[in-house]
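K.L.:
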Amino acid sequence: MNDFRDYNKVVMVATAELKENLTTATLYKVPSNYDDIKRNIAELGLLNPLLVTKDLQIISGNLRFWVALELGLETLPVVFLDVEEQRMDMVSVSTNQFREKSNLEILREIEFYEQYYSVGKGRRTDLCPQAAQVKEEKDQALGQIGRYRVNTLKSIKKKCVELYGEGNTKVDELLSSVESGKSSLNKVNEQLERESNKRMNKKNVPSFYEFHTENVHIYNKSCIDLSELEDNSVQTVVTSPPYFDMRDYGIGKNQLGHQDTAQAFIDELVPYFDEVNRVLKHNGSLFVNINDKIEDGQYQMVPEMFLIEMVKRGWRYVDKYLWLKPNPQYTPNRGSVRNFEPIFHFVKSEDYYFDREWLKQVGDMDNGISIGTVDAMEPKLVSGMDFRDNILKNIGGNTYELRKKCKEHGFQMEHSATFPLSLPSIFILSTSKPGDTVLDIFSGTATTGEVALLTNRRYVGYELNPQFVMASEVRLSEHLNFKEAA
Ligand SMILES: C[S@@+](CC[C@H](N)C(=O)[O-])C[C@H]1O[C@@H](n2cnc3c(N)ncnc32)[C@H](O)[C@@H]1O
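Note that the numbering used here has the sequence shown beginning at 26, numbered continuously upward.
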C-alpha cells in the first residue's frame with residue numbers, strides 16, 4: 026500500500042491496488058478506438074497519469090486502467106486529488122466533459138445529474154440556500170448538454186418506459202438508429218409520441234360514442250342517413266366533407282374521399298345532400314366548404330363538378346365565399362400557391378332567410394364574435410374572407426387547445442382539418458336566429474357546434490369517428506355551462 030500522498034506530483038502506484046470507477050464505467054461505453062489506445066500504450070507506455078483519490082479510487086482513467094490490466098503493466102502513473110466522498114462521482118463525470126459522447130451516454134449522464142442533484146428536490150429554493158445552489162449547479166450541468174437535447178432525450182426515455190416497461194432495450198435500439206444516421210432525435214421522439222397516443226386511444230376510445238344533451242345531439246354514424254331528424258327541422262347547415270383523396274380519418278370503408286377519380290367522389294358525395302334537403306327548412310341555408318386536388322399538374326375541378334351536380338339535383342346556388350388562408354399549403358404544380366378554398370351557399374327557395382343586421386352588433390364581444398367592423402356605420406359582409414385571427418377575431422379554442430384538453434381527458438385528438446371558429450360564425454349568424462337548429466353532417470370536432478351554442482342555437486352533428494365525437498364533447502361541454510349561465 027502506498028503511504029505517500031503528494032497532491033501535485035505524478036507518482037507510480039501498483040496497478041492491482043487501483044479501484045475501477047463504477048459510475049463512469051456504467052455511464053460511458055468502451056470507445057470504438059479502444060484497440061488503437063491499447064496499441065499506443067503498448068508501444069509508448071502510459072504517458073497520461075490517472076486521477077485518483079487518496080484511497081486509490083479512480084476518478085478519471087478507467088480506460089487506461091483496463092488497458093494496463095490487459096497489457097500486464099504492474100505500475101501506473103497517477104495524480105492524487107483531494108475530493109470529498111460525496112462529490113467524487115460528480116468530479117469523475119465532469120472530467121469527461123470534453124469526451125465525444127453518444128446520445129445514450131448523454132442520456133445516462135442526464136440521469137446521473139438528475140439523481141445526483143435530487144437532494145434539494147421539492148424544497149423551496151428561496152428558503153433554502155443549499156437547495157438554490159444545488160439547482161444552480163444542476164442547471165449548469167444540464168445546460169452544457171443543451172436544454173433541447175436534455176428534454177428530448179428525457180422524453181424518449183420516459184415514453185420507452187411507458188410503452189415497453191422499465192429496463193427495456195428499446196431506448197438503446199432507437200438511440201443507435203440516431204447514431205447511425207438512420208433517424209434523428211426529433212423523429213424518434215415523434216414516433217414514440219404516435220405510438221403512445223395510439224395505445225392511449227386504443228384503451229380509452231370506445232368503438233361507438235355519442236353525445237346528447239338538451240340542445241346538442243352528435244350521432245356516431247354515417248350522415249348518409251339522417252333519419253333522427255324530422256323533415257323541415259334544420260335552419261342552417263355548415264359543413265366540410267372529407268376532401269377528395271386527401272386524408273384518412275381512420276374510420277374505414279364508410280368514410281368518403283377515397284374514391285379513384287374526382288367524378289367517382291362527386292357521384293358518391295352529392296347524394297348525401299338529398300337527406301340534407303329533406304331536413305332543411307324551406308327558408309334554410311346550406312354552406313359547403315369543398316376543396317380541389319391537383320393530379321398530374323392539373324386541378325381536378327372538384328368544387329366546380331360538385332356545384333354543377335348540386336344544382337342539377339335541385340339546389341339553388343346563391344353565393345360563393347372564399348376562405349382566404351394566410352398559410353396556404355404547398356401546391357404541387359408550376360403555377361401560384363393557391364391560398365383560398367371555396368364555400369358554396371345553397372338554398373331551397375328564393376325567399377331564404379338572410380340577416381345583415383347582426384353585423385351591426387358584432388363588435389360586442391359578449392356576443393362571442395368580432396369581425397373588426399366595430400366602428401363601421403354600415404358594415405358589409407364580404408364574400409372573400411380572411412379568417413386570420415386579427416382580421417376576423419374569434420374567441421375560444423383552436424385545435425392546439427382542444428388537443429391539450431382531450432389529453433387531460435385521456436385520449437389524443439388526431440383531427441387536423443378543422444374550421445376556424447369565425448367561419449361557421451358568419452354563416453350561422455346571417456342565416457339563422459337564436460333557438461334555431463344548426464347541423465353539420467361531417468361534424469369532426471364540432472367547430473360548427475361550438476359556434477351554434479355560443480350564439481344560442483341548437484346543434485346536431487353526424488360523425489363516423491368516435492374519437493372526434495369525444496373531442497366534440499370536450500369542446501362543447503364548456504359552452505353548455507356558458508349557455509346555462511347566460
Ligand atoms: C373535413 S372534416 C370536418 C371537420 C369539421 N368541420 C371541424 O371543424 O372539426 C370531415 C369529417 O367527416 C367525417 N366523415 C367522413 N365520412 C363520414 C360519413 N360518411 N358520415 C359522417 N362523418 C363522416 C370525418 O371523420 C371527418 O371528421
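We put the CB at the ideal spot given by N, CA and C, even for glycine. Nothing here was measured: the structure is a model prediction, and the numbers come from that model.
(1) Is any heavy atom in ligand 1 found nearer than 7 Å to the beta carbon of I249?
(2) Does the region 480-496 touch the region 428-445, meaning 3 or more C-beta pairs lie closer than 8 Å?
(3) Pick helix, strand or coil for I84, following the three-state DSSP scheme.
(4) Keeping to the same chain, check which residues put their C-beta closer than 8 Å to that of T51; ignore five residues upstream and five downstream.
(5) Would you say the beta carbon of G469 comes nearer than 7 Å to a heavy atom of ligand 1?
(6) Only counting the same chain, and skipping five residues up and downstream in sequence, which positions put a Cβ closer than 6 Å to that of V372?
(7) Using the C-alpha atoms, what's the distance from S209 back to I420?
(8) For I62, which residues from the same chain have a beta carbon less than 7 Å from its beta carbon, with the 5 sequence-adjacent residues on both sides left out?
(9) Going by beta carbon distance, what residues of the same chain come within less than 8 Å of I135, once the five residues before and after it are set aside?
(10) So, using beta-carbon positions, are Y487 and S468 closer together than 8 Å?
(11) How would you call N73, buried or exposed, if buried means at least 16 neighbouring beta carbons within 10 angstroms?
(12) To the nearest angstrom, report how far apart G393 and V476 are at their CA atoms.
(13) Just the C-alpha distance for A156 and T356, rounded to the nearest angstrom, thanks.
(14) Exposed or buried, I319, counting other C-beta atoms within 10 Å across all chains shown (16 or more means buried)?
(15) Any chance the region 358-376 sits against the region 425-433, with 3 or more Cβ pairs inside 8 Å?
(16) Evaluate the contact criterion for the region 244-251 versus the region 209-220: three or more CB pairs, one atom per stretch, below 8 Å.
(17) What are the boundary residues of the alpha helix (DSSP H) that includes P328?
(18) Where does M225 sit, in a helix, a strand or coil, going by DSSP?
(19) By DSSP, does I249 sit in helix, in strand, or in coil?
(20) How should M37 be labelled, buried or exposed, when 16 other C-beta atoms within 10 angstroms of its C-beta is the threshold for buried?
(21) Would you report the Cα separation of N214 and I181, rounded to the nearest angstrom?
(22) Going by DSSP in three states, W348 sits in which element: helix, strand or coil?
(23) Can you name the start and end residues of the alpha helix (DSSP H) that R381 belongs to?
(24) Using a Cβ-based criterion (distance less than 7 Å to any ligand heavy atom), does F444 qualify as near ligand 1?
(25) In three-state DSSP terms, what is E45?
(26) Applying the criterion that 16 or more other CB atoms from any shown protein chain within 10 Å of the CB defines a buried residue, is F233 buried or exposed?
(27) In the structure shown, what three-state DSSP assignment does I170 receive?
(28) Taking its Cβ as the centre, do 16 or more other Cβ atoms sit within 10 Å of L464, making it buried, or is it exposed?
(29) Examine ligand 1 and report whether any of its heavy atoms sits within less than 7 Å of the Cβ of Y487.
(30) Nearest CA to the CA of N512: which residue from N490, T470, H504, A471?
(31) In terms of residues, what are the limits of the alpha helix (DSSP H) holding G190?
(32) Determine the burial state of H242: buried for a count of at least 16 other Cβ atoms within 10 Å of its Cβ, exposed for fewer.
(33) Counting only runs of 4+ residues fully inside the region 88-139, write out the alpha helix (DSSP H) ranges in chain order.
(34) If we count Cβ pairs, one from each stretch, closer than 8 Å, do we get three or more for the region 252-268 versus the region 296-312?
(35) Count the other CB atoms, across all protein chains shown, that sit within 10 Å of the CB of A287; report buried if there are 16 or more and exposed otherwise.
(36) If you follow the alpha helix (DSSP H) that G474 is part of, which residue opens it and which one closes it?
P.N.:
From the atom records:
(1) Taking the sequence shown and counting its residues from 1, one reaches residue 249 at position 224. The answer is yes for I249.
(2) yes
(3) Taking the first residue of the sequence shown as position 1, residue 84 is located at position 59. Three-state DSSP puts I84 in a strand.
(4) The count along the sequence shown starts at 1 and reaches residue 51 at position 26. Cβ within range, chain order: R133.
(5) Residue mapping note: residue 469 aligns to position 444 of the sequence shown, counting from 1. It does: the Cβ of G469 is within 7 Å (strictly closer) of some heavy atom of ligand 1.
(6) Mapped onto the sequence shown, residue 372 falls at position 347. Counting only Cβ-Cβ distances below 6 Å, and skipping sequence neighbours, we find S310, R341, V343.
(7) As a first step, residue 420 is located in the sequence shown; it is residue number 395 there, counting from the start. As a first step, residue 209 is located in the sequence shown; it is residue number 184 there, counting from the start. Bear in mind that a pLDDT of 44 at I420, under 50, signals an unreliable position, so the number given afterwards is only what the model happens to contain. Cα to Cα, I420 sits roughly 38 Å from S209.
(8) Here residue 62 refers to the residue found at position 37 when the sequence shown is read from its first residue. Closer than 7 Å at Cβ, skipping near neighbours: L88, V92.
(9) Position 110 of the sequence shown holds residue 135. These residues qualify, in order along the chain: L167, I170, V175, L178, K179.
(10) Taking the sequence shown and counting its residues from 1, the one referred to as residue 487 is at position 462. Taking the sequence shown and counting its residues from 1, the one referred to as residue 468 is at position 443. Closer than 8 Å, so yes.
(11) One-based indexing of the sequence shown puts residue 73 at position 48. It counts as exposed.
(12) Here residue 393 refers to the residue found at position 368 when the sequence shown is read from its first residue. Here residue 476 refers to the residue found at position 451 when the sequence shown is read from its first residue. Here G393 scores only 47 on pLDDT, less than 50, and its place in the model should not be relied on; the value that follows carries that caveat. For G393 and V476, the distance between alpha carbons rounds to 8 Å.
(13) Numbered from its first residue, the sequence shown carries residue 156 at position 131. Numbered from its first residue, the sequence shown carries residue 356 at position 331. Whole-angstrom Cα-Cα distance: 55 Å.
(14) Sequence index remark: in the sequence shown, residue 319 carries index 294 (1-based). I319 should be labelled exposed.
(15) no
(16) no
(17) Counted from its first residue, the sequence shown places residue 328 at position 303. 327-337 is the extent of the alpha helix (DSSP H) around P328.
(18) If you number the sequence shown from 1, residue 225 lands on position 200. It is helical.
(19) In the sequence shown, the residue the question calls residue 249 occupies position 224. The answer is coil: DSSP assigns I249 none of H, G, I, E or B.
(20) By 1-based counting over the sequence shown, the position of residue 37 is 12. Its Cβ having fewer than 16 others within 10 Å, M37 is exposed.
(21) As a position in the sequence shown, residue 214 is number 189, starting the count at 1. As a position in the sequence shown, residue 181 is number 156, starting the count at 1. If you take the alpha carbons of N214 and I181, they lie about 6 Å apart.
(22) Mapped onto the sequence shown, residue 348 falls at position 323. In this structure, W348 counts as strand in the three-state DSSP scheme.
(23) The sequence position of residue 381 within the sequence shown is 356, counting from 1. Looking at the DSSP string, R381 is not in any alpha helix (DSSP H), and its letter there is neither H nor E.
(24) Residue numbering aside, residue 444 sits at position 419 when the sequence shown is read from its first letter. Yes.
(25) Here residue 45 refers to the residue found at position 20 when the sequence shown is read from its first residue. Residue state, collapsed to three classes: coil.
(26) Taking the first residue of the sequence shown as 1, we reach residue 233 at position 208. So F233 ends up on the exposed side.
(27) Start at 1 with the first residue of the sequence shown, and residue 170 comes out as number 145. Three-state result, I170: helix.
(28) Along the sequence shown, read from residue 1 onward, the residue named residue 464 stands at position 439. Result: buried.
(29) What you label residue 487 is simply residue 462 of the sequence shown in a count that begins at 1. Indeed, a heavy atom of ligand 1 lies less than 7 Å from the Cβ.
(30) Only positions 26 to 511 of the chain appear in this structure, which leaves residue 512 out of reach.
(31) Your numbering for residue 190 matches position 165 in the sequence shown. Counting along the chain, G190 falls outside any alpha helix (DSSP H), and DSSP gives it neither H nor E.
(32) The residue labelled residue 242 in the question sits at position 217 within the sequence shown. Counting Cβ neighbours within 10 Å, H242 comes out buried, since at least 16 surround it.
(33) 113-119
(34) yes
(35) Your numbering for residue 287 matches position 262 in the sequence shown. Buried, since its Cβ has 16 or more Cβ neighbours within 10 Å.
(36) Mapped onto the sequence shown, residue 474 falls at position 449. Element bounds for G474: 472-479.
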